[in-house]
Amino acid sequence: MPVVFFHNGRERTVIGTLDTDKKEFSKKVQKSKHLYRVLDAWGTDADYFTNVLLPNKYTLRFVDIEDKIRYTVTAEKFAKEGEHLHFKGNGKDYGAQIFLSRRHWNKEHYGIQR
């Protein structure tokens, strides 16, 4: 699976992995760090989503490594239900992102359950 890079100004940031055979975009997340609490949502780069994932009908899979939950959703549902936001702060532009509330994702627990 190739690693996907997003060029943000001078930075190159890993945003996930792309499996072209399975038509799946995967991303490891941590609820405490990556969850956008205002919307209770996971997000991804809007340009990459719009230009690659949506037109090629990918499935998005976010794996919360803290709570041991896999979240999956189709690109079509992500586009239909998602909210577009653009964050800037501390002299940094985080770019446009699309967020989808966790209530719209399919959830699957993995690993040891307590």
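All you need for the numbering used here is the position in the sequence shown, starting with 1, plus 8.
Beta carbons are placed, not taken as given, at the ideal position from N, Cα and C, and that holds for glycine.
ARG78 and TYR118 closer than 8 Å at C-beta: yes
Range of the contiguous beta strand (DSSP E) that encloses PHE95: 91-97
Nonlocal neighbours in the same chain, by C-beta distance under 6 Å from HIS42, ignoring five residues either side: none
Nearest to LYS31 (by Cα), restricted to the options PHE57, ASN98, VAL37: It is PHE57 whose Cα lies nearest to the Cα of LYS31.
Where ASN64 falls: helix, strand or coil (DSSP): coil
Cα-Cα separation, SER40 to ASP72: 10 Å
Distance between LYS100 and THR67 (C-alpha atoms, nearest Å): 29 Å
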